[in-house]
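Residue numbers (our numbering): 5 to 140. Backbone N, C-alpha and C define an ideal beta-carbon position, used for all residues, glycine too. Every value quoted in this text rests on a predicted model; they were computed, and no experiment measured them. Data block below; observations after.
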Amino acid sequence: MVHEGVRANQLRIWMEKYFSKSVLWILIFLLSASFQPAELRFLPTKLKITVLNELGNPVEGAEVTVFATKDDYRAETNAVLPTDKTDENGQVLFKGLDPIPYYIHADNSGQSNIGAGVLTSELKEGRINKVNTVIG
Numbered sequence: 005m006v007h008e009g010v011r012a013n014q015l016r017i018w019m020e021k022y023f024s025k026s027v028l029w030i031l032i033f034l035l036s037a038s039f040q041p042a043e044l045r046f047l048p049t050k051l052k053i054t055v056l057n058e059l060g061n062p063v064e065g066a067e068v069t070v071f072a073t074k075d076d077y078r079a080e081t082n083a084v085l086p087t088d089k090t091d092e093n094g095q096v097l098f099k100g101l102d103p104i105p106y107y108i109h110a111d112n113s114g115q116s117n118i119g120a121g122v123l124t125s126e127l128k129e130g131r132i133n134k135v136n137t138v139i140g
């Protein structure tokens, strides 16, 4: 009987010592993960737009604006992000977007993409989504 009491006491001490440490480490891990900013936990959704002319050549300096709704696109109001200009490769990158379809307006010296590839497909979250649009 004495041995059983000693063993039970040793088991209780071992469980208190190691079980409580395990629970503590699990709690620390879960709490530290929950306090990370969203940007660190997930990759931002991006949209890389390449603006081409009617011959398929990239257009440098084209102004590109992204809209979330058809009404905003038509009225050219409430852009999702500020208008940006394409680089020497005819490309512009918009970051931090929601995974939804977008309306794209591209304009360069009076030429635009109206009627040519204005609506994207739904963006894939956490990826660089790529789309071409033609101005002419």
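- In this structure, the alpha-carbon of residue 111 lies about 32 angstroms from that of residue 46.
- Residue 117 sits in coil when the DSSP states are folded into three classes, being neither helix nor strand.
- Separation of residue 81 and residue 57 (C-alpha to C-alpha, rounded to the nearest whole angstrom) is 25 angstroms.
- In this structure the stretch 90-108 touches the stretch 62-73; the number of beta carbon pairs closer than 8 angstroms is three or more.
- Here residue 100 is near residue 48, since their CB atoms are less than 9 angstroms apart.
- Exclusion of the five residues before and after residue 93 leaves 62 as the residues of its chain whose Cβ lies within less than 7 angstroms of its Cβ.
- Residue range 107-112 is occupied by the beta strand (DSSP E) that includes residue 107.
- When secondary structure is reduced to three states using DSSP, residue 88 falls in the strand class.
- Under the 10 Å beta carbon count, residue 66 is surrounded by 16 or more other beta carbons and is classified as buried.
- Its chain contains 53, 68, 88, 90 as the residues whose beta carbon lies nearer than 6 angstroms to that of residue 96, once the 5 sequence neighbours on both sides are disregarded; these appear in chain order.
- In the DSSP annotation of this structure, the continuous segment of the beta strand (DSSP E) that includes residue 99 starts and ends at 95-101.
- Per DSSP, residue 74 is one residue of the alpha helix (DSSP H) stretching across 74-79.
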